[in-house]
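Report on the structure given below.
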Amino acid sequence: MKGVLLVNLGSPDSTKVEDVKKYLDEFLMDERVIDVPWILRAFIVKGIILRTRPKKSAEAYRKIWWDEGSPLIVLSRRLREKVEELVSVPVALAMRYGNPSLEAGLKELYDKGVTEVLLIPLYPQFAMATTETILVLAEKLRKKLFPDMRFTTLPAFYNHPDYIRVLSVSIQETLQNKDWEHLLFSYHGVPERHIRKSDITKSHCKIDGQCCNTPSPAHQFCYRHQCYETTKQVAAYLGLKEGMYSTSFQSRLGKDPWLQPFTDKTVAGLAENGTKKMAIVTPAFVSDCLETLEEIGMEAREDFLEKGGDEFHVVPCINDRDDWVKVLARWMDEWAKEEELLATN
Ligand SMILES: C=CC1=C(C)c2cc3[nH]c(cc4nc(cc5[nH]c(cc1n2)c(C)c5CCC(=O)O)C(CCC(=O)O)=C4C)c(C)c3C=C
Ligand SMILES: [Fe+2]
Ligand SMILES: [Fe+2]
Numbered sequence: 001m002k003g004v005l006l007v008n009l010g011s012p013d014s015t016k017v018e019d020v021k022k023y024l025d026e027f028l029m030d031e032r033v034i035d036v037p038w039i040l041r042a043f044i045v046k047g048i049i050l051r052t053r054p055k056k057s058a059e060a061y062r063k064i065w066w067d068e069g070s071p072l073i074v075l076s077r078r079l080r081e082k083v084e085e086l087v088s089v090p091v092a093l094a095m096r097y098g099n100p101s102l103e104a105g106l107k108e109l110y111d112k113g114v115t116e117v118l119l120i121p122l123y124p125q126f127a128m129a130t131t132e133t134i135l136v137l138a139e140k141l142r143k144k145l146f147p148d149m150r151f152t153t154l155p156a157f158y159n160h161p162d163y164i165r166v167l168s169v170s171i172q173e174t175l176q177n178k179d180w181e182h183l184l185f186s187y188h189g190v191p192e193r194h195i196r197k198s199d200i201t202k203s204h205c206k207i208d209g210q211c212c213n214t215p216s217p218a219h220q221f222c223y224r225h226q227c228y229e230t231t232k233q234v235a236a237y238l239g240l241k242e243g244m245y246s247t248s249f250q251s252r253l254g255k256d257p258w259l260q261p262f263t264d265k266t267v268a269g270l271a272e273n274g275t276k277k278m279a280i281v282t283p284a285f286v287s288d289c290l291e292t293l294e295e296i297g298m299e300a301r302e303d304f305l306e307k308g309g310d311e312f313h314v315v316p317c318i319n320d321r322d323d324w325v326k327v328l329a330r331w332m333d334e335w336a337k338e339e340e341l342l343a344t345n
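The UniProt record's numbering numbers the first residue of the sequence shown as 1 and each following residue consecutively.
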């Protein structure tokens, strides 16, 4: 029997400092997130980051937490419920870190008799720190606990026409009747090293002005290329002219070089250069979360207005929009009917 597992990043169980610490410990000790040898990672994470960050992050989570819980979890649950109503196979939900765990999600399907699983990492663009770590853990759990299960993975959908349409329409709807001079596409950042590590050609990704526009097999796993491609295709769909939009990367951590330009500097620069009305969309996130609601919706907004901007419009993530639910359900049905996944890719 077939079934689907939707997998998102995860959140702490509550906004208590100890729960945030437990979540950050599991998240940041992942070798695909902080990709240094274990001993150094343990020193950085346990010896430095976990001493101060949980308190600060817990305060940030408190500002965005909903009565039902973490926005990311609540929105992912709503997505699962809505999708399951439209498809003929069971759909479970799991988080890479925290709860409901990947193990619990697989077990839920297994207990229903599912042995053929479609894994859907809820990330439009591939990254070692997101998609890859889900697939690695899922395979580890399969081997150990569910050896008769078989997995198929939904490929990154950063350029799929259905996804581009849903994202573009969500932008159109949010910005209709609003004035804006510049639309910023802000993606979660990653260290530059992650891009080089995922380069299957070992020589393509120079992280310069050219590589992401030069066709290469490396782009199948290049987060930076995939982000720029999402921007390009949405801009084409919306008919945006050059100069009206740009791409940036947010949420950096630590001292390594991370993908640039940075969102905070870009937002400040726009205000300082006289942009009065801006809009921002965050396509690396399918569900609204700490990084969109607090970092963009609160911090970036405040900074833009303080530096002279007048209007700051935030486009919500695609969350559980009906058109997105229908697209996901169609992809699942195509897989269940053994058609080629994302055949238009
Ligand atoms: C080295 C650190 C990090 C990498 C690499 C990274 C990549 C990455 N993350 C997301 C999506 C999300 N990240 C979120 C929170 C978050 N991310 C990091 C660090 C890295 N992320 C931290 C420390 C945190 C926790 C919050 C904080 O203390 O600032 C979230 C929000 C989770 C929530 O509960 O709301 C998401 C979603 C992507 C897509 C990505 C690489 C492409
Ligand atoms: Fe992150
Ligand atoms: Fe590139």
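All C-beta atoms in this analysis are idealised placements derived from N, C-alpha and C, irrespective of residue type, glycine included. For clarity, every value in this text was computed on a predicted model and none was experimentally measured.
Pick from the options: whose alpha carbon is nearest that of residue i?
i	options	result
Ser170	Thr266, Pro215 and Val315	Val315
Glu116	Glu132, Ala92 and Pro217	Ala92
Thr247	Ser198, Tyr237 and Val267	Val267
Ala94	Leu9, Ala156, Pro215 and Thr292	Leu9
Gly243	Thr275, Asn319 and Pro257	Thr275
Ser14	Leu6, Leu24 and Thr214	Leu24
Gln172	Ile318, Val4 and Leu118	Ile318
Ala271	Lys232, Leu183 and Arg142	Leu183
His313	Gly47, Lys107, Arg321 and Arg301	Arg301
Ala104	Ser70, Leu141 and Thr174	Leu141
Ala127	Trp38, Cys211, Leu240 and Val33	Val33
Glu85	Gly308, Glu334 and Lys326	Lys326
Tyr110	Glu311, Asp333, Arg150 and Leu238	Arg150
Tyr223	Gly269, Val114, Pro283 and Leu175	Pro283
Pro155	Lys82, Tyr123, Gly47 and Asp310	Tyr123
Thr133	Arg96, Ser76 and Val4	Arg96
Val83	Leu5, Asn159 and Phe157	Leu5
Quick one: give me the first and last residue of the alpha helix (DSSP H) that residue i is part of.
i	result
Val315	Run containing Val315: none; DSSP gives neither H nor E here.
Gly269	Thr263 to Glu272
Asn75	Residue identity differs from the one stated: residue 75 is Leu in this sequence, not Asn. Pro71 to Leu86 is the span of the alpha helix (DSSP H), which, as asked, contains Leu75.
Met332	Asp322 to Ala336
Trp38	Trp38 to Ala42
Lys21	Val17 to Leu28
Arg301	Arg301 to Glu306
Would you check whether ligand 3 has a heavy atom nearer than 8 angstroms to the C-beta of residue i?
i	result
Ile200	no
Ala127	no
Is any heavy atom in ligand 1 found nearer than 8 angstroms to the beta carbon of residue i?
i	result
Tyr163	no
Pro261	no
Leu9	yes
Ala300	no
Ile34	yes
His194	yes
Glu291	yes
Lys55	no
Ile214	Per the sequence shown, residue 214 should be read as Thr rather than Ile. Checking the Cβ of Thr214 against ligand 1 gives no.
Pro37	no
Thr174	no
Thr130	yes
Ala94	no
Ser101	no
Leu72	yes
Val190	yes
Ala60	yes
Phe185	no
Ala42	no
Gly47	no
Pro12	yes
Ala156	no
Leu119	no
Ser287	yes
Tyr110	no
Tyr228	no
Phe27	yes
Gly254	yes
Tyr123	yes
Ala138	no
Leu24	yes
What residue range does the beta strand (DSSP E) around residue i cover?
i	result
Glu116	Glu116 to Pro121
Met1	Where Met1 is concerned, there is no enclosing beta strand (DSSP E), given that its DSSP letter is neither H nor E.
Val281	Lys277 to Val281
Leu50	That residue, Leu50, is in no beta strand (DSSP E); its alpha helix (DSSP H) goes Leu50 to Ile64.
Leu93	Val91 to Met95
Discussion item. Runs of 3 residues minimum, wholly inside the region 101-172: which ones carry the beta strand (DSSP E) assignment?
Written reply: You should have 116-121 and 150-153.
Fill in: Within 6 angstroms of ligand 2: residues by beta-carbon to any heavy atom
With 6 angstroms as the limit, the residues whose C-beta approaches any heavy atom of ligand 2 more closely are His188 and Ser251, in sequence along the chain.
Item to complete: Scan the region 171-253 and note each continuous alpha helix (DSSP H) run of 4 residues or more that stays entirely inside, going in chain order.
Response: The qualifying runs are 192-197 and 223-238.
Discussion item. Any residue with its Cβ nearer than 6 angstroms to a heavy atom of ligand 3 should be included. What is that list in chain order?
Written reply: Output, sorted by chain position: Cys205, Cys211, Cys212, Cys222, Arg224 and His225.
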